[in-house]
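Inspection log for the structure reproduced underneath, given as structure tokens.
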Amino acid sequence: MLTDVTTDIKSLTREELATVFNRWRQPAYRVAQLLQWLYLRRATEWDAMTNLPKTLRDQLKGEFMLQPLELVRKQGARDTTQKFLWRLTDHSLIESVLIPANPALYGEASDRHTLCVSTQVGCAYGCKFCASGLNGWKRNLMPHEIVEQVLAVERWHQRETGREKSEGRNADGALVTGAAAAPAPPPVRLINNLVIMGMGEPLANYDNLLKALHILNAPWGGGIGARKITISTSGLAPQIRKLADEPEQFRLAVSLHGATDEVRSRIMPVNRKYPLRELTAALEYYRSKRDRILTFEYILIAGVNDSLPQARALATLARRFQAKVNLIPYNQVEGLAWDRPSEAVCEEFLAVLEKQRVIATLRREKGHDIDAACGQLRLKTERELASTT
Ligand code: SF4
């Protein structure tokens with residue numbers, strides 16, 4: 000492993016850090032101390048790591064970056080979907096979305112907080128309904144830029160909680176008095192569910208994504224269970240096969256959005272490269288290796304993929320793979336001409352699936368008012384910046 004001062008420390012696994020510390024003749028327990036600073040206390044400065052000797056801190060400073068994401072904009076109120084727009088060191092903008100507990104989405108009911116993270120700046124796959132691809136693809140995110148999205152949201156939450164406590168308010172916004180108005184609490188982990196479904200095609204950034212997920216999954220890192228991590232793909236068949244062979248038990252969600260080649264190719268250019276025949280063959284392989292639930296994501300677009308024949312074809316596919324279906328009524332994107340179907344059409348589509356005994360949910364949208372479709376906040380901010388320069 001080569002490192003230089005442009006390598007962020009959070010792109011390294013524990014094993015890689017152990018190799019570096021071994022080379023520097025540091026005792027092994029220093030690695031554990033450093034990891035606690037990075038992933039439990041979420042430190043953003045070397046000098047905060049007070050139980051590491053100054054000489055070691057200086058050595059780390061000379062070899063690695065420790066760069067937090069810069070919050071540019073946040074939309075959404077507490078207890079609703081909240082969207083974060085981050086600036087990277089090269090000034091690129093990416094988004095993460097924090098989704099409060101919703102048992103209908105990616106797991107069972109609990110006080111879960113789900114974070115949807117980006118994996119690329121822009122996207123090359125050009126799905127016709129999506130804002131992320133509108134300005135094309137810029138670059139892959141490095142592992143630490145994926146990991147940092149989780150840490151940065153947790154840092155933000157920690158700050159908010161601390162501020163509320165110091166203002167004498169509890170997490171629900173109610174006034175508290177006397178001893179209850181306590182100082183900021185110790186760090187706690189907020190994110191316990193992760194969906195890799197933000198900007199970019201996750202499996203097109205395969206190696207960086209898998210390394211980031213290794214770090215986020217590890218008990219010494221993010222501590223998020225592999226079964227609580229869902230990787231989404233627009234249908235990259237070869238990478239689905241590769242993922243099936245990985246040791247970690249990550250979940251897979253396929254952004255299907257069309258149940259026949261004709262409809263899918265119309266809105267998803269990737270389908271011309273990997274048509275349903277190839278995609279389903281890869282999913283068969285995945286299922287043969289992983290006896291676990293697949294999810295099909297299906298954005299309902301008026302007059303495009305919301306017909307009853309599409310619903311029936313989708314039901315057939317879902318039954319074949321015992322897949323769960325998430326129906327998502329389309330979120331309007333400025334500059335794109337697609338429409339959201341009426342509620343009645345969405346309900347009718349859902350009813351066809353349910354009649355075929357497919358487990359399906361219809362998202363009664365949480366993020367409609369905050370540009371929640373992936374890439375929209377970034378696009379809006381870039382357009383605003385462009386118009387002021
Ligand atoms: S839906 Fe996903 S794969 Fe398609 S353009 Fe948007 S970000 Fe890329």
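In numbering that gives the first Met the number 0, the protein residues as written are 0 to 388.
C-beta atoms are modelled at their ideal positions from N, C-alpha and C, and glycine is treated no differently.
- Counting only heavy atoms of the ligand SF4, the residues whose C-beta sits closer than 5 Å to one of them are, along the chain, C122, Y124, C126, C129, S131, G132, E200, S233.
- Taking 8 Å as the cut-off, the beta carbon of V96 is found no closer than this to the beta carbon of T118.
- The beta carbon of G135 is closer than 6 Å to those of G121 in its chain, skipping five residues each way along the sequence.
- In chain order, K323 place their CB closer than 6 Å to the CB of I358, counting only its own chain and leaving out the 5 sequence neighbours on each side.
- Beta-bridge analysis with DSSP links W136 to G121.
- For the options R318, K288, E44, K272, the alpha carbon positioned closest to that of G234 is the one of K272.
- Going by DSSP, R271 is part of the alpha helix (DSSP H) stretching over 269 to 272.
- L193 carries a strand assignment under DSSP once its states are collapsed to helix, strand and coil.
- Following the DSSP letters along the chain, one finds E94 inside the beta strand (DSSP E) bounded by residues 92 to 98.
- For the 8 Å CB-CB criterion, L37 and K9 form a contact.
- Q321 counts as exposed, since fewer than 16 other beta carbons sit within 10 angstroms of its beta carbon.
- Taking a contact as a CB-CB distance under 8 Å, the pair I93 and M198 counts as one, their CB atoms being some 6 Å apart.
- Comparing alpha-carbon positions, the option among R41, Q25, I98 lying closest to K53 turns out to be Q25.
- Within the same chain, C115, S231 come within 6 Å of M196 by CB-CB distance, once the 5 residues on both sides are set aside.
- Annotation for A359: the continuous beta strand (DSSP E) segment containing it runs 359 to 361.
- Residues of the same chain with a CB within less than 7 Å of the CB of L51, apart from the 5 flanking positions on each side, are R29, Q32, L33 in chain order.
- Assigned with DSSP and collapsed to three states, R111 falls in coil, not helix or strand.
- Under the three-state reduction of DSSP output, N330 falls in the coil class, being neither helix nor strand.
- When the Cα atoms are used, K60 and M48 turn out to be separated by approximately 12 Å.
- Counting along the chain, the unbroken alpha helix (DSSP H) around Y205 starts and ends at 205 to 216.
- Note on geometry: alpha-carbon atoms of R339 and D305 lie some 10 Å from one another.
- Between L215 and V149, the C-beta spacing is below 8 Å.
- Looking only at F63, R188, I239, the smallest Cα-Cα distance to A203 is reached by I239.
- For K73, the three-state secondary structure derived from DSSP is strand.
- Within the model, the alpha-carbon separation for A130 versus F83 is close to 16 Å.
- For T294 against A252, the beta-carbon gap comes to about 4 Å, under 8 Å, which counts as contact.
- Annotation: T315 is outside any beta strand (DSSP E); the continuous alpha helix (DSSP H) that includes it extends over 307 to 320.
- Between V303 and L313, the alpha-carbon positions lie close to 14 Å from each other.
- Burial check for N21: the Cβ neighbour count within 10 Å stays below 16, so the residue is exposed.
- Annotated three-state conformation of S341 is coil, per DSSP.
- One alpha carbon belongs to P246, the other to L209, and they sit about 11 Å apart.
- Secondary structure of L84 (DSSP, three-state): strand.
- For E296, DSSP records a beta bridge to S254, N325.
- For the options H256, E15, A236, the alpha carbon positioned closest to that of P201 is the one of A236.
- Taking C-beta separations shorter than 6 Å and ignoring five residues to either side along the sequence, the partners of E296 in its chain run A252, S254, N325, following chain order.
- Secondary-structure assignment with DSSP links S231 through a beta bridge to A252.
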